[in-house]
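Only one structure is covered here, and it is reproduced in the block below.
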Amino acid sequence: MGKKEVVVVHKVRTPKMGEVAGEVLQVLGYTRMKVKCSDGKERLCRIPGRVRWRMRVHEGDFVLVEPWEIEKDTKGDVIWRYVPNDVEWLKARRYVK
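Read in the numbering used here, the sequence shown has 2 at position 2, and its numbers run on one by one without any break.
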């Protein structure tokens, strides 16, 4: 008998209304980083406390950013980190460049 092929179905978190995907340009320390977002803006982002200990972010990672209500164009919160397979899926569907 041959080995069974296992297919894992994984649902990718897509950007919802008010969220943008982006690439981490620089990690600044203390959960802060510069992110180049898919809307063309560069934001200073932070990892909020609710996800801080569950997420490790490095330069070059793709993340999901929720811009702040007051300073939408310059600041935001990182709410999700994509794995490499998810990034390929997002690029194929033009969520990120």
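Beta carbons: idealized from backbone N, C-alpha and C, even for Gly.
Between Val24 and His58, the C-beta spacing is below 9 Å. Between Val78 and Leu64, the C-beta spacing is below 9 Å.
A distance below 9 Å separates the beta carbons of Lys34 and Leu44. Shown here for Asp73: same chain residues with a beta carbon closer than 6 Å to its own, the five before and five after excluded, namely Lys41 in chain order.
Within the same chain, Lys34 come within 6 Å of Gln26 by CB-CB distance, once the 5 residues on both sides are set aside. Taking all protein chains in view, the Cβ of Gly29 is surrounded by fewer than 16 other Cβ atoms within 10 Å, so the residue is classified as exposed.
Scanning the stretch 39–87 for uninterrupted beta strand (DSSP E) segments of 3 residues or longer gives 42–46, 62–67 and 75–81, listed from N- to C-terminal end.
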